[in-house]
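>
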Amino acid sequence: MEALRIITEEHQNLWRIATTLDMVADEIDSGGHVETAFFTSLFDYIDQFMDRAHHAKEDSYLFPSLLRRAPEAAAIIERLQAEHHNGPEVLRDLRAKLAATAAGGEANAAFTAALRSYAQAVKSHVRSEEKDVMPLAREALTADDWADIDKAFLDNDDPLFGSKARAEFRELFHRIVNLAPESIGLGGHSGGALQKPIAPVGDVLLKIEGMESCYGRIKALKGIDLEVRQGELVALVGANGAGKTTFLRTLSGVQPMSAGRIIFNREDISGLRSDLRMRRGICQSPEGRQVFGPLAIEDNLRLGAYTRPKNDVEGDLERVYSMFPILKEKRHLPAGTLSGGQQQMLAIGRALMGRPKMLLLDEPSMGLAPLLVEEVFNVVKALKAQGMTIFLVEQNAFAALAIADRGYVLETGNITLTGTGQELISNEQVRAAYLGM
Ligand SMILES: Nc1ncnc2c1ncn2[C@@H]1O[C@H](COP(=O)(O)OP(=O)(O)O)[C@@H](O)[C@H]1O
Ligand SMILES: [Mg+2]
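For the sequence shown, the tail end lands on 538 under my numbering, and the numbers increase by one without skipping.
Here it is in structure tokens:
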């Protein structure tokens, strides 16, 4: 039932888009500017991703089998398919209303009304698929049906939704977030690029044995064993207070380790100071971003490069700027003037300035607007695709495990479960505890 997982993941995305449309509609109604470039990229995304790829997958593979096995679903499926069919026309109407907004006044009101009703329609469509269709599909379809459907959904060579198309959706989404008004996105004037090349998973890069760490007499980590391979994206998930931040701080050397061993790149670094660990390539984006507010954005980025040879810094700055153009636009401003989402990009950019061999991210999605949550995970995916080894700590277990190769579940200082991201997402215990399902 991989297909259902993929659909649910895409639904999360669509829901975020719908919520975003409501938010921008409110903003425009209270006098906000209509950002044409933003809406154009948003409509392009809906057109490419939702109307052409997401709906096509359901229409071609899921619905026909379901109709065969559960004829009673015919009415619902017919309605959903009619809505799919109607998508491009609704989108044309939205584009026309957007074009008319240049005139302002009444035209703006017609546009925001259309945005709201579209958001409403997307939400009710998603709800109906999740609540009516998917439970039925789980029940009625046979193992053979699922094998066929999953094969189609997982076909990486498919021109509409294979890996090449997905990389394009990611780029498009990245543009939307950059161009979105600052209250919900990054508020930039240009989109920037997420670069590609791909590196396979390799040798063990980090191995931790029996790590313990204490606050006074309280043991916050009670013997952690884990490993991360070259090029892997590993997630550590757990509730608030489980010890995730303590783990990252102990790994980067700013929190004392009371027992255990850390082997990084075949070297025992257990006794090394934190700056020396950073020189070895362990670079962290800390919880709560922790940018230096009074300092200019560019100087914050340079701080991340203090262990690097001077000659590398300018080139690395340009690389970070090409990924996050908003940081370039604002590079001379104090970091404290940035929005939460922009500060998160700055914190990631600063960590990248250290040229990490392994990037540590502590709850990068915390406190962000929906579009930005998605974008942070897109940025993490793009970094992984470039071959970066990433250790991602999150309370947002579903989103983190969805993109992770492997995951660990941390409960009050102990690892209680481990497996591939997908195994953990479908594990009943994890679902109950962290996914709120
Ligand atoms: N500076 C501190 N002093 C004392 N106890 C702390 C301190 N920081 C964290 N703790 C305790 O350690 C445990 C783990 O905290 P933390 O690593 O921040 O968890 P998480 O990042 O998973 O939310 C919690 O019980 C927390 O109360
Ligand atoms: Mg924490």
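Even for Gly, the Cβ is constructed at its ideal location relative to N, Cα and C.
Note that the structure is predicted; figures quoted are calculated from it, not measured.
Does the Cβ of Asn412 have 16 or more other Cβ atoms within 10 Å, making it buried, or fewer, making it exposed?
Start at 1 with the first residue of the sequence shown, and residue 412 comes out as number 311. Its Cβ having fewer than 16 others within 10 Å, Asn412 is exposed.
> Quick check on Gly311: does DSSP put it in helix, strand or coil?
As a first step, residue 311 must be located in the sequence shown, where it is residue number 210. Gly311: strand per DSSP, three-state reduction.
> Would you give the residue range spanned by the alpha helix (DSSP H) that Asn187 belongs to?
For this step, residue 187 is matched to residue 86 along the sequence shown. Per DSSP, Asn187 belongs to the alpha helix (DSSP H) from Ala175 to Ala201.
> Quick one: Cα of Val355 to Cα of Met459, how far?
Counted from its first residue, the sequence shown places residue 355 at position 254. Counted from its first residue, the sequence shown places residue 459 at position 358. Roughly 16 Å between the two C-alpha positions.
> Classify Pro236 as helix, strand or coil using the three-state DSSP reduction.
Locating residue 236 in the sequence shown gives position 135, where the first residue counts as 1. DSSP places Pro236 in helix when its eight states are reduced to three.
> Measure the C-alpha to C-alpha separation of Thr540 and Glu310 and round it to an integer number of angstroms.
The structure shown does not extend to residue 540, since the chain spans only 102 to 538, so no value can be given for it.
> Can Thr351 be considered in contact with ligand 2, in the sense that its beta carbon sits closer than 7 Å to one or more heavy atoms?
The count along the sequence shown starts at 1 and reaches residue 351 at position 250. No, Cβ of Thr351 sits at least 7 Å from all heavy atoms of ligand 2.
> Nearest CA to the CA of Met454: which residue from Glu159, Arg403, Asp506 and Arg374?
Position 353 of the sequence shown, counted from the first residue, corresponds to residue 454. Looking at the Cα atoms, Arg403 is the closest of the given residues.
> Can you tell me the Cα-Cα spacing of Glu103 and Gln523, whole angstroms?
If you number the sequence shown from 1, residue 103 lands on position 2. If you number the sequence shown from 1, residue 523 lands on position 422. Looking at the two C-alpha atoms, the distance is approximately 9 Å.
> Enumerate, from N- to C-terminal direction, the unbroken beta strand (DSSP E) stretches of 3 or more residues contained entirely within the segment 348-425.
Qualifying beta strand (DSSP E) stretches, in chain order: 360-365 and 383-386.
> Under 8 Å between the Cβ atoms of Ala238 and Leu163?
By 1-based counting over the sequence shown, the position of residue 238 is 137. By 1-based counting over the sequence shown, the position of residue 163 is 62. Yes.
> When the Cα of Leu502 is compared with those of Leu352, Gly339 and Leu287, which residue comes out closest?
As a working note, residue 502 is residue 401 in the sequence shown. Of the listed residues, the one whose Cα sits closest to Leu502 is Gly339.
> Do Met446 and Leu428 have their CB atoms nearer than 8 Å?
Numbered from its first residue, the sequence shown carries residue 446 at position 345. Numbered from its first residue, the sequence shown carries residue 428 at position 327. Cβ atoms of Met446 and Leu428: closer than 8 Å.
> Alpha carbon to alpha carbon, what distance is there between Asp256 and Lys158?
One-based indexing of the sequence shown puts residue 158 at position 57. One-based indexing of the sequence shown puts residue 256 at position 155. If you take the alpha carbons of Lys158 and Asp256, they lie about 11 Å apart.
> Return the residue from the list Tyr316, Phe365 and Arg409 that minimises the CA-CA distance to Gly342.
Numbered from 1 along the sequence shown, position 241 holds the residue referred to as residue 342. Measuring from the Cα of Gly342, the nearest candidate turns out to be Tyr316.
> Quick check: what's the CA-CA separation for Val329 versus Tyr407?
As a first step, residue 329 must be located in the sequence shown, where it is residue number 228. As a first step, residue 407 must be located in the sequence shown, where it is residue number 306. Roughly 26 Å between the two C-alpha positions.
> What does Asn515 pair with, by DSSP beta-bridge criteria?
Indexing the sequence shown from 1 puts residue 515 at position 414. Answer is Glu512.
> For ligand 2, enumerate in chain order all residues having a CB closer than 5 Å to any of its heavy atoms.
That query returns the following residues: Lys345, Thr346 and Glu388.
> Could you tell me whether the segment 360-369 touches the segment 393-401, where touching means 3 or more Cβ pairs closer than 8 Å?
At 8 Å Cβ cutoff, the stretches do not touch.
> Inspect the beta-carbon positions of Met312 and Met358 and report whether they are closer than 8 Å.
Numbered from its first residue, the sequence shown carries residue 312 at position 211. Numbered from its first residue, the sequence shown carries residue 358 at position 257. Yes, these two residues count as a Cβ contact at 8 Å.
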